[in-house]
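**Student:**
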Amino acid sequence: GQVKVFRALFTFDPRTSDTNWWKGTCRGRTGLIPSNYVAEQAESIDNPMHEAAKRGNLSWLRECVENRVGINGLDKAGNTALYWGCHGGHKDVVELLLSQPNVELNQQNKLGDTAIHAAAWKGYSDIVEMLLNKDARTDIRNNENKLALEMATNAQCASLLKRKQGSMIRTHGPCLHVVYIKIVCLYLH
């Protein structure tokens with residue numbers, strides 16, 4: 027059960043690639059680890075970025091980003107790391123993920139929920155606002171035919187989502203109105 031750590035008093039530069047040594051990175055430092063130091067029964071983590079986001083572990087998430095783990099990867103349920111950050115209310119995690127250039131805001135999981143559905147359902151208005159500021163869509167319905175607005179569990183989230191949907195209606199409203207008038211006119215003639 028115990029591992030003793032020693033500081034090497036010499037530098038080691040491998041001359042050949044040896045499968046008995048594994049490259050490891052921890053807290054920004056990279057080095058080689060003898061493979062026999064790693065337990066054979068070590069647990070493999072399929073979606074490290076998702077786990078970091080779920081747990082609100084910002085330093086682990088940064089390591090994932092620095093090591094170019096796919097930002098939009100899906101877990102077995104079809105969730106992204108952004109979904110899990112929003113679901114957990116981890117504002118700092120969501121902020122980091124939203125700062126990544128190709129983050130997908132509107133990815134639906136197997137239940138049809140998006141990150142904004144999760145944030146609204148959990149009542150995290152600050153996260154809902156962050157997503158809206160990045161232009162997350164509010165018109166996506168999940169498998170139960172519910173919008174994020176319909177899943178909002180507090181007045182703040184609902185208000186933010188209503189305001190966004192109101193601005194969308196004002197932006198696109200005249201086109202809908204013109205179509206409606208043309209249909210009515212055709213029906214009357």
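Each step along the sequence shown adds one to the number in our numbering, with nothing skipped, and position 168 is 194. In this text, a Cβ means the ideal position worked out from N, Cα and C, and glycines have one as well. Because the structure is a prediction, the values reported are computed rather than measured.
Use the C-beta contact count for ASP165: other C-beta atoms within 10 angstroms, 16 or more gives buried, fewer gives exposed.
**Tutor:** By the 10 Å Cβ count, ASP165 comes out exposed.
**Student:** Could you tell me the boundaries of the alpha helix (DSSP H) in which GLY111 lies?
**Tutor:** From DSSP, the alpha helix (DSSP H) with GLY111 extends over 107–114.
**Student:** Quick check on the burial criterion: 16 or more other C-beta atoms within 10 angstroms. Buried or exposed for ASN169?
**Tutor:** Counting Cβ neighbours within 10 Å, ASN169 comes out exposed, since fewer than 16 surround it.
**Student:** Would you say THR45 faces chain C, with C-beta separation under 8 angstroms as the test?
**Tutor:** Going by chain labels, chain C is absent from the structure shown, which holds only one protein chain.
**Student:** Report buried or exposed for LYS80, applying the criterion of at least 16 other Cβ atoms within 10 angstroms of its Cβ.
**Tutor:** Under this definition LYS80 is a buried residue.
**Student:** Please say whether ALA145 and LEU157 have beta carbons closer to each other than 8 angstroms?
**Tutor:** Cβ atoms of LEU157 and ALA145: closer than 8 angstroms.
**Student:** On a Cα-Cα basis, can you pick out the residue from GLU92, LEU124, THR140, PRO127 that is closest to ASN171?
**Tutor:** Nearest of GLU92, LEU124, THR140, PRO127 to ASN171, Cα basis: THR140.
**Student:** Is the beta carbon of HIS129 less than 8 angstroms from the beta carbon of ILE153?
**Tutor:** Checking the sequence shown, residue 129 turns out to be Val, not His. Going by C-beta atoms, VAL129 is not nearer than 8 angstroms to ILE153.
**Student:** Helix, strand or coil, according to DSSP, for ILE153 in the structure here?
**Tutor:** Helix at ILE153.
**Student:** For ILE71, collect the residues of the same chain with a Cβ closer than 7 angstroms to its Cβ; drop the 5 residues on either side in sequence, then sort them by chain order.
**Tutor:** For ILE71, where only same-chain residues beyond five positions count, the Cβ hits under 7 angstroms are GLU77.
**Student:** Got a sec? Which residues, its chain only, sit under 7 angstroms from TRP147 by beta carbon, not counting five neighbours each side?
**Tutor:** The answer, listed in chain order, is MET177, THR179.
**Student:** In the DSSP assignment, what are the bridge partners of ARG55?
**Tutor:** DSSP lists CYS52 as partners of ARG55.
**Student:** Would you mind working out which of CYS90, GLY149, TRP110 sits nearest GLY18, comparing C-alpha positions?
**Tutor:** Nothing about residue 18 can be read from this structure; the chain reaches only from 27 to 215.
**Student:** Taking the alpha carbon of GLY99 as the reference point, which residue from LYS188, LEU108, GLU92 has its own alpha carbon closest?
**Tutor:** Selected option, being the one with the closest Cα: LEU108.
**Student:** Can you tell me the Cα-Cα spacing of SER86 and ALA184, whole angstroms?
**Tutor:** The question names Ser, yet the displayed sequence has Trp at residue 86. In a straight line, the C-alpha of TRP86 is about 32 angstroms away from that of ALA184.
**Student:** Since SER151 and GLN182 are thought to touch, with beta carbons under 8 angstroms apart, how far apart are those beta carbons, to the nearest angstrom?
**Tutor:** 4 angstroms between Cβ atoms; contact.
**Student:** Which of the three DSSP states is assigned to PRO60 in this structure?
**Tutor:** In the structure shown, PRO60 sits in a strand (DSSP, three-state: E or B).
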